[in-house]
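Residue 26 in our numbering is what sits at position 26 of the sequence shown, and the numbering runs on without skipping anything.
Ideal placement from N, C-alpha and C gives every residue a C-beta, glycine not left out.
Down below is the structure, laid out as structure tokens.
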Amino acid sequence: MTLETPDVTGLDEAVRALREWQHDGSPFQLHPGDVGWFWRFGAEATAAAVRTWRRDGRLLAVGLLDEPDLLRFTIAPDARHDEELARQLVEDVEDPERGVLPAGTVRIDSPRDTRFQELLFERGWQSADPWTPLRRDLAEPVPDPGVRIEVIGPERAHLHAAVIRASFERSTFVDERWHAMAAGSPYADARCLVAFEGDDAAAAVTVWSAGPGRPGLLEPMGVHRDHRGRGYGKAITVAAARALRELGSSSAVVCTPSFNTGAVATYRAAGFTQLPEIADQRRA
1 MTLETPDVTG LDEAVRALRE WQHDGSPFQL HPGDVGWFWR FGAEATAAAV RTWRRDGRLL
61 AVGLLDEPDL LRFTIAPDAR HDEELARQLV EDVEDPERGV LPAGTVRIDS PRDTRFQELL
121 FERGWQSADP WTPLRRDLAE PVPDPGVRIE VIGPERAHLH AAVIRASFER STFVDERWHA
181 MAAGSPYADA RCLVAFEGDD AAAAVTVWSA GPGRPGLLEP MGVHRDHRGR GYGKAITVAA
241 ARALRELGSS SAVVCTPSFN TGAVATYRAA GFTQLPEIAD QRRA
């Protein structure tokens with residue numbers, strides 16, 4: 001078993017594997033769009049944050065250090081109960097010398113019902129704060145969102161970036177980061193959308209396809225602080241589902257902290273079905 005931090009050219013292999021591992025009905029897991037959204041920090045930073053595990057040349061697991069103490073992580077569907085792999089993964093994430101997670105309090109976001117997760121709990125890891133995944137099936141046409149929606153390209157990246165900054169208090173998503181994100185390989189199957197109130201950009205979303213017949217991801221979605229309470233969250237989420245259907249996605253998925261009841265309500269109003277809560281695993 002080999003643990004690797006891929007170089008920039010190796011990122012595409014990890015993204016391809018994540019695409020192949022996305023299936024409707026599978027547990028909520030790391031998506032190629034998660035890597036694509038992290039790419040706003042640049043290709044080199046993204047490569048430095050990715051970890052891969054392979055055996056006999058085949059990728060079996062991919063992780064993303066979304067924060068220094070948070071590893072978002074998934075395993076190939078046919079290897080989720082592989083005992084050898086699970087034990088190696090646990091050794092690697094628990095030993096700071098391996099360069100996966102630091103010592104002290106850390107968290108792992110991994111799919112449910114894997115041998116890896118069972119071993120973490122057996123070794124004293126605990127559940128952290130819950131998250132709520134939601135899903136919308138895209139087999140049927142999605143209605144018009146009822147507001148003006150534009151697909152944003154490089155020449156209007158500033159509009160999308162400004163809405164995201166105005167949607168999240170600590171956002172650092174400036175124009176340069178939009179362009180860095182759009183230069184990444186995951187963005188080949190992505191779209192940035194903005195909803196307008198008159199001439200004002202009111203809400204924004206990025207959607208990430210994993211390829212035809214696979215679930216697509218919304219990450220991130222935000223409503224400008226000056227335009228909240230007017231239905232733009234629902235409208236941009238419906239537009240996101242329409243865009244993913246046009247890209248061939250089988251479903252649209254999103255995950256939000258369970259305490260964010262407003263976001264959960266918005267996604268449900270846009271036709272998403274609330275799924276059972278999931279939780280990170282935390283080592284105190």
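When you compare each of Pro77, Arg115, Val50 to Gln29 by their alpha carbons, which one comes out closest? Pro77
Under the criterion of a Cβ to heavy atom distance below 6 Å, does Ala239 qualify as lining the ligand SAH? This structure simply doesn't include the ligand SAH, nor any ligand for that matter.
Pick from Glu83, Phe38, Thr46: whose alpha carbon is nearest that of Gly10? Thr46
In three-state DSSP terms, what is Ser251? strand
Under 6 Å Cβ to Cβ from Ala269, same chain only, skipping five residues before and after it: list those, please. Lys234
Write down every uninterrupted run of the beta strand (DSSP E) in the segment 114-184 whose length is 3 residues or greater and which is fully enclosed by it, in chain order. 126-137, 148-151
Comparing alpha-carbon positions, which option in Leu64, Thr52, Ala195, Asn260 lies nearest Trp37? Leu64
What does a CB cutoff of less than 6 Å around Val93 pick up in its chain, not counting 5 residues either side in sequence? Val100, Leu101
Would you identify the three-state DSSP class for Gly36, choosing helix, strand or coil? helix
Bridge partners for Pro96 per DSSP, in chain order? Pro96 pairs with nothing; no bridge assigned.
Within its chain, find whatever has a CB closer than 8 Å to the CB of Asp129; leave out the 5 residues flanking it on each side and keep chain order. Pro257, Ser258, Phe259, Ala279, Asp280
Sort Val205, Thr273, Gly271 by Cα distance to Ala157 and report the nearest one. Val205
Would you call the CB atoms of Thr52 and Arg80 closer than 7 Å? no
What is the DSSP secondary structure of Pro186, counted as helix, strand or coil? helix
Does DSSP put Asp56 in a helix, a strand or coil? coil
Here's the rule: buried if 16 or more other CB atoms are within 10 angstroms of the residue's CB, otherwise exposed. What is Arg225? exposed
Please go through the same chain and pick out, in chain order, the residues whose beta-carbon is closer than 6 Å to the beta-carbon of Ala195, but skip the five residues on each side of it. Val147, Ile149, Ala202, Ala203, Tyr232, Ala235, Ile236
What does a CB cutoff of less than 6 Å around Gly213 pick up in its chain, not counting 5 residues either side in sequence? Ser250
Whose CA, out of Ala166, Met221, Val106, Phe41, lies closest to the CA of Ala183? Phe41
So what's Gln22 in DSSP terms, helix, strand or just coil? coil
What are the boundary residues of the beta strand (DSSP E) that includes Leu3? 2-4
I'd like the span of the alpha helix (DSSP H) that includes Leu71, first residue to last. Counting along the chain, Leu71 falls outside any alpha helix (DSSP H), though it belongs to the beta strand (DSSP E) covering 70-75.
Is the beta carbon of His227 less than 7 Å from the beta carbon of Glu197? yes
So which of His179, Leu134, Ala190 has the shortest CA-CA distance to Ala263? Leu134
Starting from Ile108, follow its DSSP beta bridges and name the residues at the other end. Leu71, Gln281
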